[in-house]
Amino acid sequence: MKVIRTIEELRTEIKHRRSSISGPVGLVPTMGYLHEGHGSLMQRAREMAGTVVLSIFVNPIQFGPGEDFETYPRDEERDLAVAQSNGVDIVFIPDVQEMYPQPTKTKVAVSELTSLLCGASRPGHFDGVTTVVNKLFNIVKPDFAFFGMKDAQQVAVIEQMVRDLNMDIEIVPCPIVREQDGLALSSRNVYLKPEEREQALVLSKSLKTALEQLENGTVETAGEVRELLSRIISESSIAVIDYAEVLSFPELTPVENETRLADSGSTTIMALAVRFGKTRLIDNALFQAKEGISHV
Ligand code: PAF
Numbered sequence: 000m001k002v003i004r005t006i007e008e009l010r011t012e013i014k015h016r017r018s019s020i021s022g023p024v025g026l027v028p029t030m031g032y033l034h035e036g037h038g039s040l041m042q043r044a045r046e047m048a049g050t051v052v053l054s055i056f057v058n059p060i061q062f063g064p065g066e067d068f069e070t071y072p073r074d075e076e077r078d079l080a081v082a083q084s085n086g087v088d089i090v091f092i093p094d095v096q097e098m099y100p101q102p103t104k105t106k107v108a109v110s111e112l113t114s115l116l117c118g119a120s121r122p123g124h125f126d127g128v129t130t131v132v133n134k135l136f137n138i139v140k141p142d143f144a145f146f147g148m149k150d151a152q153q154v155a156v157i158e159q160m161v162r163d164l165n166m167d168i169e170i171v172p173c174p175i176v177r178e179q180d181g182l183a184l185s186s187r188n189v190y191l192k193p194e195e196r197e198q199a200l201v202l203s204k205s206l207k208t209a210l211e212q213l214e215n216g217t218v219e220t221a222g223e224v225r226e227l228l229s230r231i232i233s234e235s236s237i238a239v240i241d242y243a244e245v246l247s248f249p250e251l252t253p254v255e256n257e258t259r260l261a262d263s264g265s266t267t268i269m270a271l272a273v274r275f276g277k278t279r280l281i282d283n284a285l286f287q288a289k290e291g292i293s294h295v
């Protein structure tokens, strides 16, 4: 496994591998502090690509003022061990100076999909994401790029960007990975105090209950699902709901309260963002109307 810190060296190495090693190039973009969720992306990339590139870069332009850019957890030594054990070929770890030698005057912005959910509470966040993902795509020129469905809105936004800009890259969304007790894996879980960690289980509980009740017909409409999600999350005395939404996926159009989800004929996402103390967690589940397939 090669550890590369400059764009020039990375380009040379990828060119070399393209001419000497068969198979497509897969990119797993991350901000590090890797967990098993990232591990599942690397494994999927390993199955599909001849060369697997993992990028680790805490991207300053996707953090707003007062957010956790400075304190975002970092552990390079551990990350390299995780990358190695998941069969990564190249780890790209640029510093901020390498990625942004001057403040960027160009940004890539996707409209509409970014104005709601996390885009509403974190203005500018998705412009930072699409800009850096674009830069990484231009640097690595991958055939495939792998993203976790825990950030479902990010997946929808990046897929839209790839379509709109005719990028010759296949986005591969990978399922959410959860702890045994249901908590979705996230690098930010490390911030949770023990009581907050315990109470955060209301997120997966609310999604699981909603899916069960949709399947057995106890709830039917988007309004009933919104109500159920909020009620279960509020069982935690410390949970502060940012949103508990029901939308079509990947279009991210809010579903009207009266709409019966089983009849909607499309995929619905139940999307949550909730604060526990200083930590804001997100989680989601998809409900597939037609085939009755659903998963948390
Ligand atoms: O999902 C993340 O970790 C980041 O948003 C990404 C895609 C690596 C861009 O910085």
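One point on numbering: in numbering that gives the first Met the number 0, the residue at position 107 of the sequence shown is 106, and numbering is uninterrupted. Note that the Cβ used here is the ideal one computed from N, Cα and C, for glycine as well.
Using a Cβ-Cβ cutoff of less than 6 Å, which residues in the same chain neighbour residue i once the five nearest sequence positions on both sides are dropped?
| i | result |
| --- | --- |
| Leu53 | Val27, Ala82, Val87 and Val90 |
| Asp94 | none |
| Ile292 | Because the pLDDT at Ile292 is just 49, under 50, the model does not fix this residue reliably, and the value given afterwards should be weighed accordingly. Contacts found: none. |
| Ala261 | Ala288 |
| Leu251 | Leu112 and Ala155 |
| Ser205 | Leu228, Ile231 and Ile232 |
| Asp282 | Ala183, Leu202 and Leu271 |
| Leu33 | Asp78 and Val81 |
| Val218 | Gln212, Val224 and Leu227 |
Keeping to the same chain, check which residues put their C-beta closer than 8 Å to that of residue i; ignore five residues upstream and five downstream.
| i | result |
| --- | --- |
| Ile237 | Glu194, Glu195, Gln198, Phe275 and Gly276 |
| Thr220 | Asn256, Glu257, Thr258, Arg259 and Leu260 |
| Arg10 | Ile138 |
| Val254 | Ala221, Val245, Leu246, Ser247, Leu260, Ser263 and Thr267 |
May I ask which residues mark the beginning and end of the alpha helix (DSSP H) holding residue i?
| i | result |
| --- | --- |
| Val81 | Glu75 to Ser84 |
| Pro193 | Pro193 to Gln198 |
| Ile157 | Ala151 to Asp163 |
| Val95 | Val95 to Met98 |
Three-state secondary structure (DSSP) at residue i?
| i | result |
| --- | --- |
| Ile3 | strand |
| Ser39 | helix |
| Ile237 | coil |
| Ile292 | In this prediction, Ile292 has a pLDDT of 49, which is less than 50 and means its spatial position is unreliable; nothing more can be read from the coordinates. |
| Phe248 | coil |
| Tyr32 | coil |
| Thr220 | strand |
| Tyr190 | helix |
| Pro64 | coil |
Below 7 Å between beta carbons: does that hold for residue i and residue j?
| i | j | result |
| --- | --- | --- |
| Gly31 | Arg121 | no |
| Asn58 | Val131 | yes |
| Phe145 | Arg45 | no |
| Val171 | Phe136 | no |
| Val176 | Gly36 | yes |
| Ala243 | Ser229 | yes |
| Val51 | Gly22 | no |
| Ile302 | Ile6 | Missing from the structure shown is residue 302; the chain here goes from 0 to 295 and no further. |
| Thr129 | Val161 | no |
| Ala151 | Ile268 | yes |
| Asn85 | Met47 | no |
Output needed for residue i: all residues of its chain with C-beta closer than 7 Å, excluding positions within five of it in sequence on either side, in chain order.
| i | result |
| --- | --- |
| Ser235 | Gln198 and Val201 |
| Tyr71 | Met30 and Val57 |
| Thr278 | Arg187, Tyr190, Leu191 and Glu195 |
| Glu66 | none |
| Gln153 | Val128 and Phe146 |
| Ser39 | Cys173 and Val176 |
| Glu158 | Ile170 and Pro249 |
Mind checking which residues open and close the beta strand (DSSP E) that includes residue i?
| i | result |
| --- | --- |
| Gln28 | Strictly speaking, residue 28 in this sequence is Pro, with Gln absent from that position. It spans Val24 to Thr29 - the beta strand (DSSP E) in which Pro28 sits, taken as one unbroken run. |
| Arg274 | Thr266 to Phe275 |
| Glu169 | Glu169 to Cys173 |
| Leu53 | Thr50 to Ile55 |
| Thr278 | Thr278 to Gln287 |
| Val176 | From DSSP, Val176 is part of no beta strand (DSSP E); its letter is neither H nor E. |
| Ala144 | Phe143 to Gly147 |
| Ile138 | Not the beta strand (DSSP E): Ile138 falls in the alpha helix (DSSP H), residues His124 to Val139. |
Let me know if residue i comes out buried or exposed under the rule of 16 or more other beta-carbons within 10 Å of its beta-carbon.
| i | result |
| --- | --- |
| Ile20 | exposed |
| Arg296 | Lying outside 0 to 295, the shown extent of the chain, residue 296 is not represented and no answer is given. |
| Glu214 | exposed |
| Thr266 | buried |
| Gln179 | exposed |
| Lys14 | exposed |
| Leu305 | Coverage of the chain is limited to positions 0 through 295, which leaves residue 305 absent and any answer about it impossible. |
| Pro100 | exposed |
| Arg4 | exposed |
| Ser18 | exposed |
| Arg73 | exposed |
| Ala119 | exposed |
| Ser185 | buried |
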